[in-house]
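To start, the structure itself, in structure tokens.
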Amino acid sequence: MRYAKVIIDISAQSVNKAFTYVIPEDIEDIVTVGSRVQVPFGGHNALREGFIIGISEESDIEASRLKRIISAAEGKTDVNGELIKLAAFMAGEYGCTMNQALTAVLPVKRTVRKNSRRRDPLSALSEGIDRENLCLSLNRDQENAVSGILRADRPSLLYGVTGSGKTRVYIELIKKMREMGKQTIVLIPEISLTYQTVRELVKYLGSSIAVMHSKLSEGEKYEQYMRALSGEIDVMVGPRSAVFTPFSRLGLIIIDEEHERTYRSDTSPRYDTRAVALWRTRYNRAKLVLGSATPSMESYKAALKGGFRLFKLKERAHRDASLPKVHIVDMRKELKGGNRSIFSSELAGLMDDRLSKNEQIMLFLNRRGYAGFVSCRSCGHVIKCPHCDVSMTAHNSWYRDSSSGRKYPLLSCHYCGYAAPLPSLCPECGSRFIAPFGAGTEKLESLVREKFPSAKMLRMDADTTAKKGQYERILSAFRERKADILIGTQMIVKGHDFPFVTLVGIVSADLSLNTPEYDASERTFQLITQAAGRSGRADIRGDVVIQSYDPSHYAIACAAAQDYESFYEREMSYRSLMKYPPETRMLFYGLKSMDEDMLNEAAGFAADLVKGLGLPETSVIGPCNESVYKINDYYRKILYIKHSRHDIIIRIRNELNKRISERFSPRKLYLTSDIR
-13 MRYAKVIIDI
-3 SAQSVNKAFT
7 YVIPEDIEDI
17 VTVGSRVQVP
27 FGGHNALREG
37 FIIGISEESD
47 IEASRLKRII
57 SAAEGKTDVN
67 GELIKLAAFM
77 AGEYGCTMNQ
87 ALTAVLPVKR
97 TVRKNSRRRD
107 PLSALSEGID
117 RENLCLSLNR
127 DQENAVSGIL
137 RADRPSLLYG
147 VTGSGKTRVY
157 IELIKKMREM
167 GKQTIVLIPE
177 ISLTYQTVRE
187 LVKYLGSSIA
197 VMHSKLSEGE
207 KYEQYMRALS
217 GEIDVMVGPR
227 SAVFTPFSRL
237 GLIIIDEEHE
247 RTYRSDTSPR
257 YDTRAVALWR
267 TRYNRAKLVL
277 GSATPSMESY
287 KAALKGGFRL
297 FKLKERAHRD
307 ASLPKVHIVD
317 MRKELKGGNR
327 SIFSSELAGL
337 MDDRLSKNEQ
347 IMLFLNRRGY
357 AGFVSCRSCG
367 HVIKCPHCDV
377 SMTAHNSWYR
387 DSSSGRKYPL
397 LSCHYCGYAA
407 PLPSLCPECG
417 SRFIAPFGAG
427 TEKLESLVRE
437 KFPSAKMLRM
447 DADTTAKKGQ
457 YERILSAFRE
467 RKADILIGTQ
477 MIVKGHDFPF
487 VTLVGIVSAD
497 LSLNTPEYDA
507 SERTFQLITQ
517 AAGRSGRADI
527 RGDVVIQSYD
537 PSHYAIACAA
547 AQDYESFYER
557 EMSYRSLMKY
567 PPETRMLFYG
577 LKSMDEDMLN
587 EAAGFAADLV
597 KGLGLPETSV
607 IGPCNESVYK
617 INDYYRKILY
627 IKHSRHDIII
637 RIRNELNKRI
647 SERFSPRKLY
657 LTSDIR
């Protein structure tokens, strides 16, 4: 006898409320996870529709006490059934529970409060413009990409230099899908790109487009979900969660800026959006397109090996546009020459020039806040968060002491949110020589105001975009030329198209290069290339200034030359030598606990367990402390486990989860895993 776990209402707040039913013998061969079934439910045994989320040979409840499934729908499951099958795939692939996967895949039913003052600007844009579709002209490379992608029998990688018109290709593909009665999901890495993407799609495709993003309320998300389910719209735009859009006629999934880390979920289930999209397109016999000016190493390798079809856009789309002139500045020489400013003489001179010509400037610094850390110049003590193993960041905000009336700069932790005033004396040695060091976007803004007092500027980082609608307001204001200079973190360098930007300053190119991660060079190359690509996208040639203390590093040199192929060859040589992804598969296995002794014991147990499995060609590194050892009072350790086969990595992870959970209390020890 076989048993099925059935959920009755997939949109209920607790999607994990499943009921066990007996599977009758006459339908055993046609039911599977995701099947739609009719079951008796409630005191009067009224027939209700449900979906199977699990099948087993055993049940915790006696068979005599269980009700039987009445009937099951034959053939291909509907879209809700598809999403439940997808959740089952994710549970197995990412080591989460079925309940966790279902919570990610299926929405929670919430009512939408009608409040015109909180009208989401993106939804208003996508719903409020009803125009005739504009004609779109494509160049030869773009036309070849469209026709090739439509003919391709496998996923496609669209690799195009910055400003080469990848969005034009996307729009033409969506039009082709519409002609075939198919629906499209367009995935973007961050909410900051949503406004521009929706604006372009509506401009050429009309208004039957929906938007999904993190700033929407749960009710608004559910409303968009239902619009998709009912067939009211045929294009969904949004970050990674939009991959779960319930389209019943799915024909195409586009993943723009596919290299971005935000496509990997950092909470359970820790899914890779690209893998989930691949599963959905295979299930629906749909097209998958990954686009980027700086493809991930994994995707480009797959393209070279034949797993993806590769299409290249080598020229900028604008007829008179060309790649910008790049200036690499060695900040060591600036310092020797007596320049202690954050601005090199070259950057300062070019900023003066562009402001005099009424052209726009973007300054990129991938660190928010006023100063990177606060340190004592007498003893070297750095002020750290009491709950996390990180230095506190100074912000340009103030705390007023109620007793003395004095004002002190406010320090905050970017991991847990803890805040405290800057002490007047060093807590370690009592010295009064304690002050902020380094610079973030907030400090950069104040320095720009000092040096260019007449310039109008905007700042865009996590602090200035915390409120709903702030992304759109900042980007719209800059696009409308209400500011001369836009200062920001990485959110300003991804995919934006500002025709009057003719200068991009990369203030500190080394920040991402000196992180303790195996892909730090790739990350640096991508950020610099993307940042540089914002300059000179129209008919005025742009300039880019890259300020670095290590200007000869190949990540910086190749980014300056916009030479992806050379960077790929250099980086793959390093990855091959060190056996890092994509040369091999690697499991990042994390453990965290408030009990440091338990954590050390469990981490040692995990390492010994993997070694004891005796699997050939398995490499174990660690356990070692995470780069940030303590966050919010939790200590954290990590193991790195390498093997060439994905199935072996899955087997190791599952064995670790099982054995550690049996030995240590799951309430005191938390496990995470991520496979690259």
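Note that the sequence shown covers residues -13 to 662 in my numbering.
Backbone N, C-alpha and C fix where the C-beta goes; we use that ideal spot for every residue, glycine too.
All values reported here derive from a predicted model rather than from experimental measurement.
May I ask which residues mark the beginning and end of the alpha helix (DSSP H) holding residue i?
i: F511; result: A506 to A518
i: Y269; result: T259 to N270
i: H629; result: Element bounds for H629: not the alpha helix (DSSP H) but the beta strand (DSSP E), Y620 to H629.
i: S227; result: Unbroken run through S227: none, as it is neither H nor E.
i: T89; result: M84 to V91
i: K53; result: Here K53 belongs to no alpha helix (DSSP H), and DSSP marks it neither H nor E.
i: V132; result: R126 to R137
i: S342; result: S331 to S342
i: A545; result: Y540 to A546
i: D671; result: There is no way to answer for residue 671, as the model of the chain reaches only from -13 to 662.
For residue i, name the three-state secondary structure that DSSP assigns.
i: G167; result: coil
i: D529; result: strand
i: C610; result: strand
i: D728; result: Not covered by the structure: residue 728. The range shown for the chain is -13 to 662.
i: V188; result: helix
i: G78; result: helix
i: R649; result: helix
i: Q210; result: helix
i: G205; result: helix
i: Y7; result: strand
i: R22; result: strand
i: I47; result: coil
i: F464; result: helix
i: K300; result: coil
i: S216; result: coil
i: F350; result: strand
i: E118; result: Residue placement at E118 is poorly supported in this model, since its pLDDT is 46, which falls under 50; the coordinates still yield a value, given next. Coil, per DSSP.
i: M(-13); result: coil
i: K442; result: coil
i: M378; result: coil
i: C663; result: Since the first residue of the chain shown is -13 and the last is 662, residue 663 is not available in this structure.
i: I16; result: coil
If I follow the unbroken beta strand (DSSP E) through residue i, where does it start and stop?
i: T666; result: In the structure displayed, the chain extends from -13 to 662; residue 666 sits before or after that span and is not available.
i: T427; result: No beta strand (DSSP E) holds T427; the alpha helix (DSSP H) holding it covers T427 to K437.
i: E35; result: A32 to S42
i: V197; result: I195 to V197
i: R681; result: In the structure as shown, the chain begins at -13 and stops at 662. Residue 681 is therefore absent and cannot be evaluated.
i: F484; result: Premise fails: F484 is in no beta strand (DSSP E) and is neither H nor E.
i: A406; result: A405 to P407
Write down the C-beta distance between residue i and residue j rounded to the nearest angstrom, noting that I regard them as a contact closer than 8 Å.
i: A289; j: L238; result: Incorrect: roughly 18 Å between the Cβ atoms, too far for contact.
i: D679; j: R250; result: Summary: the structure shown does not reach residue 679, with the chain confined to residues -13 through 662, and so no result is reported for it.
i: V312; j: E332; result: At roughly 11 Å, the Cβ-Cβ gap does not stay under 8 Å, so V312 and E332 are not in contact.
i: D242; j: T170; result: In fact, because the Cβ distance is near 12 Å, the residues do not count as touching under 8 Å.
i: C362; j: S440; result: Not confirmed; about 37 Å, so no contact.
i: I135; j: L191; result: Incorrect: roughly 17 Å between the Cβ atoms, too far for contact.
i: T510; j: I542; result: 7 Å
i: I623; j: A589; result: Note on identity: in this sequence residue 623 is Lys, with Ile being the wrong assignment. Sure, about 4 Å apart at Cβ, within 8 Å.
i: A732; j: P225; result: Lying outside -13 to 662, the shown extent of the chain, residue 732 is not represented and no answer is given.
i: R353; j: L497; result: 6 Å
i: S562; j: E603; result: So it is not a contact: roughly 15 Å between Cβ atoms.
i: V23; j: S50; result: No, V23 and S50 are not in contact; Cβ-Cβ is about 21 Å, not under 8 Å.
i: V310; j: R649; result: Looking at the sequence itself, residue 310 is Pro, so the reference to Val does not match. At roughly 57 Å, the Cβ-Cβ gap does not stay under 8 Å, so P310 and R649 are not in contact.
Is the CB-CB distance between residue i and residue j below 9 Å?
i: M446; j: I471; result: no
i: A138; j: R235; result: no
i: V530; j: L299; result: no
i: I47; j: V25; result: no
i: S282; j: E508; result: yes
i: V132; j: L143; result: no
i: I369; j: L408; result: yes
On the CB-based measure, 16 or more other CB atoms within 10 Å of its CB, does residue i come out buried or exposed?
i: I16; result: exposed
i: M(-13); result: exposed
i: E79; result: buried
i: G664; result: Examination of residue 664 is not possible in this model, given that the chain is present from -13 through 662 alone.
i: F419; result: exposed
i: R645; result: exposed
i: G44; result: According to the sequence displayed, residue 44 carries Glu and not Gly. E44 comes out exposed.
i: E118; result: Its pLDDT being 46, under 50, E118 is placed unreliably in this model, and the value from its coordinates should be taken loosely. The residue in question, E118, is exposed, as its Cβ has fewer than 16 Cβ neighbours within 10 Å.
Hey, would you say the C-beta of residue i is under 8 Å away from at least one heavy atom of the ligand MN?
i: A546; result: Looking for the ligand MN in the displayed structure turns up nothing, as the structure carries no ligands at all.
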